[in-house]
Amino acid sequence: MVNRRTFIKAVSGTVGVGVVSLSSLKLVEPVLGQSAEKPSSSSTNFGMVIDVGACVGCRRCVYACIKENNIGRDSNIQWIRVFQMEPGTTDMDSGDLYYEEAPIKGKWYLPTQCMQCKNPPCVDVCPIKATWKDPDGIVVIDYSKCIGCKYCMVACPYWARNFNWKKPEVPAEEVNPIGGTYGLPSVTSPVRPAGVVEKCTFCALRTRRGLHPRCVEVCPVGARHFGDLNDPNSEVSKLIKTKRQVFRLKESLGTEPQIYYVY
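At position 194 of the sequence shown (counting the first as 1) the number is 342 in my numbering, and the numbers step up by one without a gap.
Written out as structure tokens, the structure reads:
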């Protein structure tokens, strides 16, 4: 069972990410094998399937994301957030983000992050085109162009974008040299500067090298699945076709999120 104390320890680095039995982790298998320097071809559409029937709300994905992407240890920024939900609703607005223990009988857990929408409203409102959707489906941000106007944050219906009020404080020995970068020549530092917006990019530098996002790798119950939604034989496509219950968040908005939930 996870509680607030273990959560704080994990984020601060006192407890290592992924300290679980290796037998319970999904193997890190190549996804497609794209290079890190450029997006995949337009025939690829990266997406994710999350099995909420399996998720236990442990927040291992949150811890791993923070470390992988050099998110400030002293901030409240989380690229992945997990809501504790009441039965019978998928409305993330009604979820509890600050639950202290999990799993709790009678509750279920809803992990959220950037949905890499097919029709991303955040991209449409950026006045200087500092954010866009790459051919492989990943929505990225050029931190050297971002002026911190926060229009994209307002436009995002999933609360997936975060503003850096100051440069993230990450201990030097914990800085991931490729964390938070994705092959843009203008993104030269693994730690974001102050005054920019940041979010999940499906660990683009990893996935374009043929690896899974870190959150998928560390999930102790195998609730997260990643792959090419355009490939009918991919794991994610098969899950969407074969699971009895499949849904996406706020579909009525027409954003076409590329994260599917199943149970």
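Heads up, the beta-carbon is just placed ideally off N, CA and C, and yes, glycines get one too.
Since I believe residue j is in contact with residue i (beta carbons under 8 Å), could you give me their beta-carbon distance rounded to a whole number of angstroms?
| i | j | result |
| --- | --- | --- |
| residue 395 | residue 284 | Actually they do not touch by this definition, with Cβ atoms about 24 Å apart. |
| residue 369 | residue 296 | Not a contact, Cβ separation roughly 37 Å. |
| residue 401 | residue 305 | 6 Å |
| residue 407 | residue 196 | 5 Å |
With respect to the alpha helix (DSSP H) encompassing residue i, which residues constitute its N-terminal and C-terminal limits?
| i | result |
| --- | --- |
| residue 211 | 208-216 |
| residue 388 | 383-390 |
| residue 290 | Unbroken run through residue 290: none, as it is neither H nor E. |
| residue 366 | 362-366 |
Quick one: what does DSSP say residue i is sitting in, helix, strand or coil?
| i | result |
| --- | --- |
| residue 245 | coil |
| residue 355 | helix |
| residue 303 | helix |
| residue 312 | coil |
| residue 259 | strand |
| residue 379 | coil |
| residue 488 | For residue 488 there is no data in the structure shown, the boundaries of the chain being 149 and 411. |
| residue 104 | Nothing in the structure corresponds to residue 104, since the chain is present only between 149 and 411. |
| residue 399 | helix |
| residue 322 | helix |
| residue 280 | strand |
Using alpha carbons as the reference points, say which of the options lies closest to residue i.
| i | options | result |
| --- | --- | --- |
| residue 312 | 233, 256, 218 | 218 |
| residue 203 | 345, 385, 253, 380 | 253 |
| residue 271 | 370, 192, 290 | 290 |
| residue 222 | 383, 314, 398 | 314 |
| residue 192 | 398, 382, 321 | 382 |
| residue 384 | 375, 392, 391 | 375 |
| residue 210 | 248, 260, 236 | 260 |
Tell me which residue opens and which closes the beta strand (DSSP E) that residue i is part of.
| i | result |
| --- | --- |
| residue 240 | Where residue 240 is concerned, there is no enclosing beta strand (DSSP E), given that its DSSP letter is neither H nor E. |
| residue 372 | 372-376 |
| residue 272 | Here residue 272 belongs to no beta strand (DSSP E); instead the alpha helix (DSSP H) covers 269-273. |
| residue 199 | 194-199 |
Who are the near neighbours of residue i in its chain, counting only those whose CB is closer than 6 Å to its CB and skipping five residues on each side?
| i | result |
| --- | --- |
| residue 231 | 240, 243, 245, 258 |
| residue 262 | 308, 347, 348 |
| residue 409 | 198, 200, 395 |
| residue 342 | 312, 314, 315 |
| residue 398 | 305 |
| residue 247 | 232 |
In chain order, what residues of the same chain lie with their CB nearer than 7 Å to the CB of residue i, ignoring the 5 residues before and after it?
| i | result |
| --- | --- |
| residue 216 | 324, 327, 351, 362 |
| residue 274 | 299, 300 |
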